[in-house]
Amino acid sequence: MPSGLDFTALDWLYPPSLEPDITLAERLEYLAYFTSARGMATFLDRETLRRKQDMISQYYNTLTSIINEDCGQDDGLLSKSAEIINHLKSTVTTDPSTIVTASIPSWTSETHRAATEFFSPTSIRRFLIFFWALWYPTCPFVHNPFFDPANASPALLAVMVIIGACMSPDEEDGKRARKWMDLVEVITFRQEWFTDAEQAPKPSYGKWKKRLECIQTAYLVCSLQKREGSVEAQGRVRRYRHAMMVSLAREIGLSTATHPRTLPARASDEWWRQFAAEEEMVRTLIYVFLFDAALTIFHNSPPRMVVSELRMDMACPEACFQAESAEECLSELEKWSGSVFWRERLSVASVVRRMCQPQPQTEAQASETLEPAPGFSRMGTLNLFTTVQCLHSLTFHLQNSLITIPSPLTPLQTGLESWRLTWNKRIPEDSHIPHRPDTLWKQIGFARYAPEFWQLARILVMRLASGDLGEAEWGELRLGVHGNEDMGGRAGERYDHTDMEDVNGLIEEYRRMSLGVCMWFPSNGI
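Numbers given in our numbering equal positions in the sequence shown, counted from 1, plus 13.
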């Protein structure tokens, strides 16, 4: 029986377990694209994006006349539109910071006209359609059934509209949207919970909800600037805004993002609203960590969060969060209450810990009829995506340790193998969702590419464990053999850099090495 460290030997022994998406992840096609391109639209592969854009465009054209006839002069978004414009104007006229002055030096009649047009009720509705259908599945932490744009904070609504415009097939929409990104960033991070978080008293429910909305806005702004912003904006996000977001998450308390373990005897709208808010908090704090992990993976930025502090609940199933009535939500939650995650109150950190612990070896397990941990196949795509990011975070700490010995790698490699077994047994949550414009928001988004993140982590861990590459060779592989002296230090030692050339170089070099060679999955002919 080969050692658990030898993935190649294990693949030879157990080829039937490799599901198609895990096998396709070998090619790293999506991550090669994602790390070489820019824009919010890259959270979907090109073909999927084009197909969905066409569907939404046709849907909106049909819907427009109906919306305009129904709203008329009593449009509830008129006041919200005016509120957003007033915030923008106030920021430009009162804030002398270089971020603002470099973006919009003064508030002219032309600027006011552009803002009025971009944030008009009609534009808000149009861009929200693109946001919900095309980008929301990437970060499903806002509860769709309860979301009302007329009651949302100006900053949250503004960034959702800008993201929607960036997802539009019309390039002019994206150009007009980028004009307002820096201003919305400033407005977001000057909200009271960022400027006075340490002195803030324990909030009431109303203030707690506002704080949640504040951190959701911050996440969306950081994601937007990281993919669409200038070099300066990207640097601000990595070095300052992200730190503020993590600080607020800790001030809220990651361990407080939990659900009560007793379910009501019957569903009520009051209970449903409370559950939705709690689940929003769980998911939002998970995404704060995921943003942190993304900076580590793609920009070699030292993590600001550690896996051991992720004491929030695992995210509830999409069927619970997407339910469109209190009764439906409770029915789905009752199914989830029988899971090991709910029953044993497992946090994200405790799940990762279990995945990295070796399970008893049995004959049945050798044929993979058992799960790496009982019940883990019900984890769900978002939770699986989160756990593989945790493994990346742990890998970073090992890679940058001054003392490297083989033994610390064993739990990581156990975790990777457990993750693969769990992913292979999962049932995609959107397999029954019809492919219609009004249900696209329920489909799995960026998390569907989790197997490629697993494959990337696997490469890093195997290279770290193998010891067959010298330091110079390993550095060249990580940088895609750049050979540039202006990369900052020795090869592989660029930290917190704006571009994604290092990881893209690693991916492309790996793809070249694997081309036509049965490197990892010889039995499958890849």
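For glycine and all other residues, C-beta sits at the position ideal for the given N, C-alpha and C.
Coarse secondary structure for residue i, derived from DSSP in three states
i: Asp3; result: This structure cannot settle anything about residue 3, because the visible part of the chain is limited to 14 through 539.
i: Asp443; result: coil
i: Ser360; result: strand
i: Glu486; result: Caution is warranted here: a pLDDT of 45 is assigned to Glu486, below 50, making its placement in the model unreliable, and no coordinate value can be reported.
i: Asp186; result: helix
i: Pro424; result: helix
i: Asp326; result: strand
i: Gln204; result: coil
i: Trp120; result: coil
i: Thr309; result: helix
i: Val319; result: coil
i: Ile457; result: coil
i: Asn164; result: coil
i: Ala54; result: helix
i: Thr543; result: Outside the modelled stretch of the chain, which goes from 14 to 539, sits residue 543, for which no answer is possible.
i: Thr511; result: coil
i: His125; result: helix
i: Ile520; result: helix
Outcome for residue i when other beta-carbon atoms lying within 10 angstroms are tallied against a minimum of 16
i: Ile440; result: exposed
i: Glu123; result: exposed
i: His272; result: buried
i: Lys348; result: exposed
i: Gly393; result: buried
i: Tyr253; result: exposed
i: His312; result: buried
i: Glu130; result: exposed
i: Asn164; result: exposed
i: Lys65; result: buried
i: His445; result: exposed
i: Lys93; result: buried
i: Gln370; result: exposed
i: Gly428; result: buried
Continuous alpha helix (DSSP H) stretch holding residue i: start and end
i: His156; result: Here His156 belongs to no alpha helix (DSSP H), and DSSP marks it neither H nor E.
i: Trp349; result: Ala339 to Trp349
i: Pro3; result: Here the chain has residues from 14 to 539 only, and residue 3 is not among them.
i: Tyr43; result: Glu42 to Phe47
i: Met180; result: First-last for Met180: undefined, no H or E at that position.
i: Pro134; result: Pro134 to Phe143
i: Gly248; result: Val244 to Arg249
i: Gln412; result: Thr394 to Gln412
i: Ser92; result: Leu90 to Thr107
i: Met257; result: His255 to Ile265
i: Ala270; result: From DSSP, Ala270 is part of no alpha helix (DSSP H); its letter is neither H nor E.
Contacting residues, own chain, Cβ-Cβ under 8 Å from residue i (five flanking each side not counted)
i: Glu292; result: His156, His272, Ala328, Cys329, Cys333 and Phe334
i: Val113; result: Thr104, Val105, Asp195, Leu196 and Val199
i: Asp443; result: Glu331, Lys455, Gln456 and Ile457
i: Arg524; result: Arg40, Leu41 and Ala45
Integer Cβ distance of residue i from residue j, believed to fall under 8 Å
i: Thr151; j: Gly458; result: 4 Å
i: Ser360; j: Met318; result: Contact flag wrong, Cβ pair sits at about 14 Å.
i: Val295; j: Ala270; result: 5 Å
i: Pro316; j: Tyr508; result: That belief does not hold up - the Cβ atoms of Pro316 and Tyr508 are roughly 12 Å apart, past 8 Å.
i: Pro162; j: Leu141; result: 6 Å
Near the ligand MN: residue i beta-carbon under 6 Å from a heavy atom
i: Glu185; result: The ligand MN is absent from the structure shown, which contains no ligand whatsoever.
Residues of its chain near residue i, where Cβ-Cβ distance is below 6 Å and the 5 sequence neighbours each way are ignored
i: Tyr462; result: Tyr43
i: Gln204; result: Cys227
Cβ shell of residue i (< 7 Å), same chain only, five flanking positions each side left out
i: Arg391; result: Ser352
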